[in-house]
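To keep things clear, I will list the structure first and then write my remarks on it.
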Amino acid sequence: MAARLEAAEPGPKYRGLDRLPGQQISAVERRGKFLVLPLLRQGRHLEDLIIHLGMTGVLSAAPPERPQHLRVSLDLSPGGAPVILGEAQPDGDRLYFSDIRRFGRFLLTPAGDYRELPTLQAMGPEPLGPDFTPATLEAALARSNMALKTYLLSQKPVAGLGNIYVDEALWRAGLHPLEPALNADVAKLPALHQAIRDVLTESIAAQGTTLNDYRTVSGDGGSFQERLQVYGRSGQACRRCGSTIERLVIGGRSTHYCPRCQPLRSRRRR
DNA sequence: CGCATTTCCTGGTAGC
DNA sequence: TGCTACCAGGAAATGC
Numbered sequence: 211m212a213a214r215l216e217a218a219e220p221g222p223k224y225r226g227l228d229r230l231p232g233q234q235i236s237a238v239e240r241r242g243k244f245l246v247l248p249l250l251r252q253g254r255h256l257e258d259l260i261i262h263l264g265m266t267g268v269l270s271a272a273p274p275e276r277p278q279h280l281r282v283s284l285d286l287s288p289g290g291a292p293v294i295l296g297e298a299q300p301d302g303d304r305l306y307f308s309d310i311r312r313f314g315r316f317l318l319t320p321a322g323d324y325r326e327l328p329t330l331q332a333m334g335p336e337p338l339g340p341d342f343t344p345a346t347l348e349a350a351l352a353r354s355n356m357a358l359k360t361y362l363l364s365q366k367p368v369a370g371l372g373n374i375y376v377d378e379a380l381w382r383a384g385l386h387p388l389e390p391a392l393n394a395d396v397a398k399l400p401a402l403h404q405a406i407r408d409v410l411t412e413s414i415a416a417q418g419t420t421l422n423d424y425r426t427v428s429g430d431g432g433s434f435q436e437r438l439q440v441y442g443r444s445g446q447a448c449r450r451c452g453s454t455i456e457r458l459v460i461g462g463r464s465t466h467y468c469p470r471c472q473p474l475r476s477r478r479r480r
């Protein structure tokens, strides 16, 4: 299909979109939390359109319910009428990007070259793919003195983990979020590997975690929030041991854990 | 280089 | 009621 930029808010959040005219979106792929859309110009794959939804970004074929949050509108059919941002348009061959908090990003990059996106460039294996194994996890963690929480959020040991899922996986594996990665109990790493896979698989099956804004592409909320064991449960009883779930701020991120199920072996040197 | 901290951004909500 | 302050977080930018 053709991809013609109709309108986007100016500024650095949506870069290179003026090069979309004349290109075709040939596929929709994903690496971690980034969408990768290979573009064809006269049959040649020269650029990728990278999209990150951020916290509240939503792609849709139908106009967003709240037009004031429309940020980007692409006309996928030649000859479509122009769109003014902030005004919903009738259904058509369009792709809308709505984003309340403006954390989402669009970027055109040279095909397969992600040097402008350091997180994508350095991203670890897909969590549900064959390249993510207990051995690769152990090897990655051995390379960093960062707190487990921080390092898992970096996308380097494994792709795709966000704040909620790191907390849940560490609880399942019995690892303290402040534990330096290289000091983590190696005997627990197979459990961490499995916990990461299980948490993500279960959440996907539950259509995700809807705390506030998250909706599936069909507009429904997910239900994994009903199965969270630590995230958002500070002050409540651990469902495994009955201790009180605690909350910390690590790397500026709210972190929830059970002090009894997740003992800290060593403090980080500083 | 490695790691910590700050920044971006809006809506919801607590507190007064 | 209406106002201010604060919180939520993925990744980049900035600081040390």
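Each number in the working numbering corresponds to the 1-based position in the first sequence with 210 added. Glycine is no exception: its CB is placed at the ideal position from the N, C-alpha and C atoms. Just so you know, these numbers come straight off a predicted model, no measurement behind them.
Look up residue i in the DSSP assignment and give the residues it is bridged to.
i: Tyr224; result: Phe316
i: His466; result: Arg457
i: His262; result: Phe244 and Arg315
i: Val268; result: Ser308
i: Glu239; result: Val246
i: Ala447; result: Thr454
i: Pro473; result: In the DSSP output, where bridge partners are listed per residue, Pro473 has none listed.
i: Pro390; result: Ala357
Residue i and residue j: beta carbons closer than 7 Å?
i: Ala369; j: Glu336; result: yes
i: Val440; j: Asp377; result: yes
i: Leu247; j: Leu259; result: yes
i: Gln404; j: Gly242; result: no
i: Ser308; j: Leu347; result: no
i: Leu399; j: Pro473; result: no
i: Asp285; j: Arg304; result: yes
i: Leu245; j: Ile261; result: yes
i: Ala321; j: Leu256; result: yes
i: Arg475; j: Asn393; result: yes
i: Leu317; j: Arg251; result: no
i: Ser270; j: Tyr306; result: yes
i: Ile374; j: Thr329; result: no
i: Ala401; j: Ala415; result: no
i: Ser444; j: Glu456; result: yes
i: Gly334; j: Pro367; result: yes
i: Gln446; j: Gly432; result: no
Check for me: the beta strand (DSSP E) holding residue i runs from which residue to which?
i: Asp309; result: Arg304 to Asp309
Terminal residues of the continuous alpha helix (DSSP H) containing residue i?
i: Glu348; result: Pro344 to Leu351
i: Gln331; result: Pro328 to Gln331
i: Leu363; result: Leu358 to Leu363
What is the DSSP secondary structure of residue i, counted as helix, strand or coil?
i: Ala379; result: helix
i: Ser413; result: helix
i: Val396; result: helix
i: Leu280; result: strand
i: Leu256; result: strand
i: Asp341; result: coil
i: Ala405; result: helix
i: Arg325; result: coil
i: Gln435; result: helix
Exercise. Is the region 357 to 377 touching the region 450 to 461, taking contact as three or more C-beta pairs under 8 Å?
Worked result: With a cut-off of 8 Å, the region 450 to 461 and the region 357 to 377 count as touching, because enough Cβ pairs lie within range.
Exercise. Should the region 307 to 316 be called in touch with the region 256 to 266, which here means at least 3 C-beta pairs below 8 Å?
Worked result: yes
Exercise. Can you find at least 3 beta carbon pairs, one from the region 386 to 399 and one from the region 409 to 417, that sit closer than 8 Å?
Worked result: no
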